[in-house]
Structure formats: structure tokens, C-alpha cells
Amino acid sequence: LTLHQPTVGVLEKRAAILEGGTATVAVASGQASIFNIIICLASAGDNVVAYINLYEGTYSLLRTLLPRLGISVKSAKRETREKYEELIDENTKLLFVETIGNPRCSVPDMQDLADVAHENLLPFVVDNTFGACGTWRRPRDFGADIILHSATKWMGGHGTTMGGVIIDCGTFDWEKAGVKLPRLMNKDGPMSFSYQKTFGNVVFAMAVRLDILMEVGSILSPTATQQLLIGMKTLSLRSERHVTNTLAVARFPESHPRVAWVQYPGPESNEYHANAVKYLKDGFGGVLAFGPKGGDVASKTLLNHVRVFSRQTNVGDQKTLATHPWNSTHVVVSEKDRREAGITPAFIRISIGTEDVRDIIEDLDQALGKLPEELVNSYDDRRELKEVLAAKGAVVTGTKGNDGVGKVDYIKDDVLLQRSSIPAGRQDITGNW
Numbered sequence: 037l038t039l040h041q042p043t044v045g046v047l048e049k050r051a052a053i054l055e056g057g058t059a060t061v062a063v064a065s066g067q068a069s070i071f072n073i074i075i076c077l078a079s080a081g082d083n084v085v086a087y088i089n090l091y092e093g094t095y096s097l098l099r100t101l102l103p104r105l106g107i108s109v110k111s112a113k114r115e116t117r118e119k120y121e122e123l124i125d126e127n128t129k130l131l132f133v134e135t136i137g138n139p140r141c142s143v144p145d146m147q148d149l150a151d152v153a154h155e156n157l158l159p160f161v162v163d164n165t166f167g168a169c170g171t172w173r174r175p176r177d178f179g180a181d182i183i184l185h186s187a188t189k190w191m192g193g194h195g196t197t198m199g200g201v202i203i204d205c206g207t208f209d210w211e212k213a214g215v216k217l218p219r220l221m222n223k224d225g226p227m228s229f230s231y232q233k234t235f236g237n238v239v240f241a242m243a244v245r246l247d248i249l250m251e252v253g254s255i256l257s258p259t260a261t262q263q264l265l266i267g268m269k270t271l272s273l274r275s276e277r278h279v280t281n282t283l284a285v286a287r288f289p290e291s292h293p294r295v296a297w298v299q300y301p302g303p304e305s306n307e308y309h310a311n312a313v314k315y316l317k318d319g320f321g322g323v324l325a326f327g328p329k330g331g332d333v334a335s336k337t338l339l340n341h342v343r344v345f346s347r348q349t350n351v352g353d354q355k356t357l358a359t360h361p362w363n364s365t366h367v368v369v370s371e372k373d374r375r376e377a378g379i380t381p382a383f384i385r386i387s388i389g390t391e392d393v394r395d396i397i398e399d400l401d402q403a404l405g406k407l408p409e410e411l412v413n414s415y416d417d418r419r420e421l422k423e424v425l426a427a428k429g430a431v432v433t434g435t436k437g438n439d440g441v442g443k444v445d446y447i448k449d450d451v452l453l454q455r456s457s458i459p460a461g462r463q464d465i466t467g468n469w
């Protein structure tokens, strides 16, 4: 039963079909998915290259547990091809990203990063939890070799059951990368054989199942599987509602006088919009982030007054969930790293549910109305922005286009990192126009 259980097998087949993979290994949690993948590919002395804007649990695993096992992590602090290429060396075993970064809602250039990985004979590993199991995005179509999910989120959809899946896309040439990844060539021990010759395009799935799952024991129980399968029956329906609700909710705070900023890849002004249009096939995901004017105090006040929202750190639930990452999910992350990842004291993350969108917006509006007027009026947009930029080593300049719309340029080493529009009526962030 450690290797295969019939009920679990049904879930594995469905996940593989949804993501276009050749095989799936179901495990006890999303964290177990990440850990099993890395341990299957890397050993003491090896390293992993990953983007810094990651789910806190992943960040903690990479930064705390793996170093104790002799596996180091190199973080790309900017999502450029050049940055990833600089970090890869002879001991790098995989390149790891999230489809939509949690919690900042960043969208990396998947194809570009896949090319970097493959040119260096590395598997491209993608956490597609925020892609709703292929509903909003199928990373395999853009070069992913291994996909993972926390099935607890959109797959299950109700926040009641822990689970994870590892999907082998069957696309990576393990034989060609044999010198770089010798562990995936042959299985040692009593059952010695060639993975490539024995398992063909399901090499990685079988390596995880035989070498890791059998030893670590992070199996998914049939009872948990049954709950996840019930949730998967409504995955497509829920995903449509999550997307339409999130887009509607994201538009509301953009023009709200008590909101300093909104981070969601839907609007054209967002720095990740071009990548979102390129890679997200059916909407821009079910999570958004924003910062109320008033910083940390304003965020706490707002969350203390929500009624429809549930204050929880989960995402992908049928109910709307809100959290304050600075003091919850990312509280164990250093302040410097939090700011480098764009997480500030004002940052609020919302996972939009399937309720009537009018109820969600009304709740957000009334909670914003509870912010003290003097707190909002005394808030300086420039201070928070400068803190984030200082952590990134960047400076800000301002311009005004022919259309009269203000533009904020984020510049580091004379390179334009991003350009964002400032909606009409917003505070002048730089004072330069």
C-alpha cells in the first residue's frame, strides 16, 4: 500500500490528465511534494536555484531544513533570464518557481526560465498550486518537466483535507542529463535496474515512488483522497467563479481613496500583466494583494472588521480568506527578505471565494470605512515604496506621459526593472512631476 492504493490511483490519473502529464505521485501534503522532489534530485553538496517570491512554507523548507541536509539554495531576486543563469553551477540540480508567486501574485516568464533550465540540463520544476491544477495554467505547455500542487487548495477546494501531488510531464531527457543527475540513471540496492530503460517517460514519477515515497512514507491516505476527489468534481465550476469574482474585487480597491496600491496581474498597468496574458489561459488567478493607507495599523484594523471574509492563512477555499503576511505566513522570514519579496507591513493577501461578489465587495468597503480618517490622511505612500525599493537596492523616478497619467519607474544599476501607472487621483509618489 505504500507504493500504490486504488483510490489514490484514481486521483493520480485525474491530476495527470488535467496537467497533461504522464504519471502522478500523490503524497500527504504540498510540502511533502516539494521535499520529495528535491530529495529525489539533490544530495549533500548540491544546490537548488529558486525565485525569492515563494510561499513561506517553501521558503522555510529551502532556507532552514535543506541546509541541514547539506543542500543549499540560491535565490534569484529578479525574474530575469540573466539572474538565473548567473546562479546555476555544476552542483545545481533543478530550477524552481511558482506559476503565480505567493503572496505577491508575480507571474514569471515560464518559457524563458524553462529554456535556461534545459540549456543547463536541469529539470524545470513548477509549483502550479495557484494554477488550479491546470485550469488556469498548464506549465507543461511552456516547458515544465515536473509539476507539483498542494491539493489542499483549489484541487480540494474546501480547506478540509491535506494532500499534494507530483506530476511527471514525461518531457525531460534524463539519459542526456545523466552526468548532471546520476541518481536518475540507475536504482541501486537489491532492485538494481536502469530507470530510463525500464520506465521510459515516467522515470521521475517512479524514482520518487520507489526511492523516496517508499522510504519516507509521506503517503496520501485513501480517506483524504476520497475527500479530495469530491472536491475535484467541481474544480472547473469553482475555478470560473474564483476568476470572475477576483477580477471584480480587484477593480474595486484600485480607485478607492483609502487604498494605496493593488497587486493583481489582471490590469494592464501591472508589471506582470504581459506574462499573465501569455501564460494564464482562463483568467488571472484567484488571489490578489493590496495595501490600505495607514500601513500596519490600517491592515490590522481592516482585518478586525471584516464579516464575510475569514481570517485564515489558507488559499483556494470556496470561502474568501484574508491574511496579513507580515505577521502571519511570513513572520519567520527576516525583515530584509520580506521587503525584498515586496511584502510590507501594510500587505494584505485575499484568496477570493465563490460567494456572491457583491457580498465580498460590500464587506471590503465597510471594513475600509472603519479606518480612522486621521490615519489615512497622515499616510505617506512614498515611505512604504522607498522601504521596498531600498531593500531591492533600487531607486524610484517619476515621469508623466502624454496622456497625463503618472508613471513610476523602478531602476537598479541603470536598468528599468518595472514601470507602473499611477491611477488618477492618487498621491504623487516621487514628487518629480
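If you're matching positions, the sequence shown starts at 37 in our numbering and goes up one per residue. Virtual Cβ for every residue (Gly too), placed ideally from N, Cα, C. Here the structure is a predicted model, which means the values were calculated and not measured.
Buried or exposed, going by whether 16 or more other CB atoms sit within 10 Å of the CB of residue i?
| i | result |
| --- | --- |
| Ala-86 | buried |
| Phe-166 | buried |
| Cys-169 | buried |
| Ser-69 | buried |
| Arg-375 | buried |
| Pro-408 | exposed |
| Gly-330 | buried |
| Ile-53 | exposed |
| Glu-155 | exposed |
| Lys-189 | buried |
| Gly-253 | exposed |
| Phe-235 | buried |
| Asn-340 | exposed |
| Arg-104 | exposed |
| Pro-301 | buried |
| Arg-394 | exposed |
| Glu-371 | exposed |
Using the Cα positions of residue i and residue j, report the straight-line distance between them to the nearest angstrom.
| i | j | result |
| --- | --- | --- |
| Asn-350 | Gly-195 | 7 Å |
| Thr-280 | Gly-319 | 8 Å |
| Gln-454 | Glu-307 | Annotation note: pLDDT 48 at Gln-454 (below 50); position unreliable, no value reported. |
| Lys-113 | Gly-352 | 26 Å |
| Phe-208 | Val-285 | 39 Å |
| Gly-405 | Leu-249 | 51 Å |
| Glu-126 | Lys-216 | 8 Å |
| Ser-79 | Asp-332 | 41 Å |
| Val-412 | Thr-337 | 12 Å |
| Val-344 | Ser-275 | 20 Å |
| Leu-130 | Ser-414 | 47 Å |
| Gly-321 | Leu-90 | 16 Å |
| Asp-439 | Glu-304 | Reliability of the predicted coordinates at Asp-439 is poor, the pLDDT of 47 falling under 50, and the value obtained from them is presented with this limitation in mind. Taking the straight line joining both Cα atoms gives about 15 Å. |
| Asp-177 | Ala-150 | 11 Å |
| Pro-258 | Gln-41 | 7 Å |
| Phe-240 | Ala-296 | 45 Å |
| Ser-65 | Pro-381 | 29 Å |
| Asn-237 | Thr-270 | 30 Å |
| Leu-357 | Arg-347 | 6 Å |
| Val-143 | Ile-74 | 22 Å |
| Ser-230 | Ala-243 | 11 Å |
| Tyr-315 | Arg-173 | 7 Å |
| Pro-289 | His-360 | 17 Å |
| Phe-160 | Arg-287 | 34 Å |
| Lys-233 | Ala-377 | 43 Å |
Once DSSP output is grouped into helix, strand and coil, what is the label at residue i?
| i | result |
| --- | --- |
| Phe-229 | strand |
| Val-368 | coil |
| Gln-348 | coil |
| Arg-375 | helix |
| Ala-112 | strand |
| Trp-362 | helix |
| Pro-175 | helix |
| Phe-320 | coil |
| Ala-68 | helix |
| Ala-296 | strand |
Give the single residue among the options whose Cα lies nearest to the Cα of residue i.
| i | options | result |
| --- | --- | --- |
| Glu-48 | Leu-98, Ala-377, Arg-343, Arg-245 | Arg-245 |
| Ile-384 | Gly-267, Asn-413, Asn-138 | Asn-138 |
| Gly-106 | Phe-178, Tyr-120, Asp-82 | Asp-82 |
| Gln-147 | Phe-326, Asn-311, Ala-358, Val-342 | Asn-311 |
| Gly-45 | Gly-302, Thr-380, Thr-359, Ile-255 | Ile-255 |
| Leu-123 | Phe-178, Arg-174, Ile-88 | Ile-88 |
| Ile-266 | Thr-197, Pro-293, Asn-237 | Thr-197 |
| Ser-108 | Ser-387, Ile-136, Leu-77, Glu-134 | Leu-77 |
Determine the extent of the alpha helix (DSSP H) in which residue i is found, giving its start and end residues.
| i | result |
| --- | --- |
| His-154 | 146 to 155 |
| His-278 | 271 to 290 |
| Tyr-120 | 117 to 123 |
| Ala-260 | 258 to 268 |
Where do the N-terminal and C-terminal ends of the beta strand (DSSP E) with residue i fall, by residue?
| i | result |
| --- | --- |
| Tyr-315 | Per DSSP, Tyr-315 belongs to no beta strand (DSSP E); it is in the alpha helix (DSSP H), 309 to 315. |
| Leu-130 | 128 to 134 |
| Pro-303 | Per DSSP, Pro-303 belongs to no beta strand (DSSP E) and is neither H nor E. |
| Val-46 | Unbroken run through Val-46 is the alpha helix (DSSP H), 42 to 55; no beta strand (DSSP E). |
| Arg-385 | 384 to 387 |
| Ser-186 | 182 to 186 |
Can you check whether the C-beta of residue i is within less than 7 Å of a C-beta belonging to chain C?
| i | result |
| --- | --- |
| His-278 | The displayed structure is made up of one protein chain only, and chain C is not part of it. |
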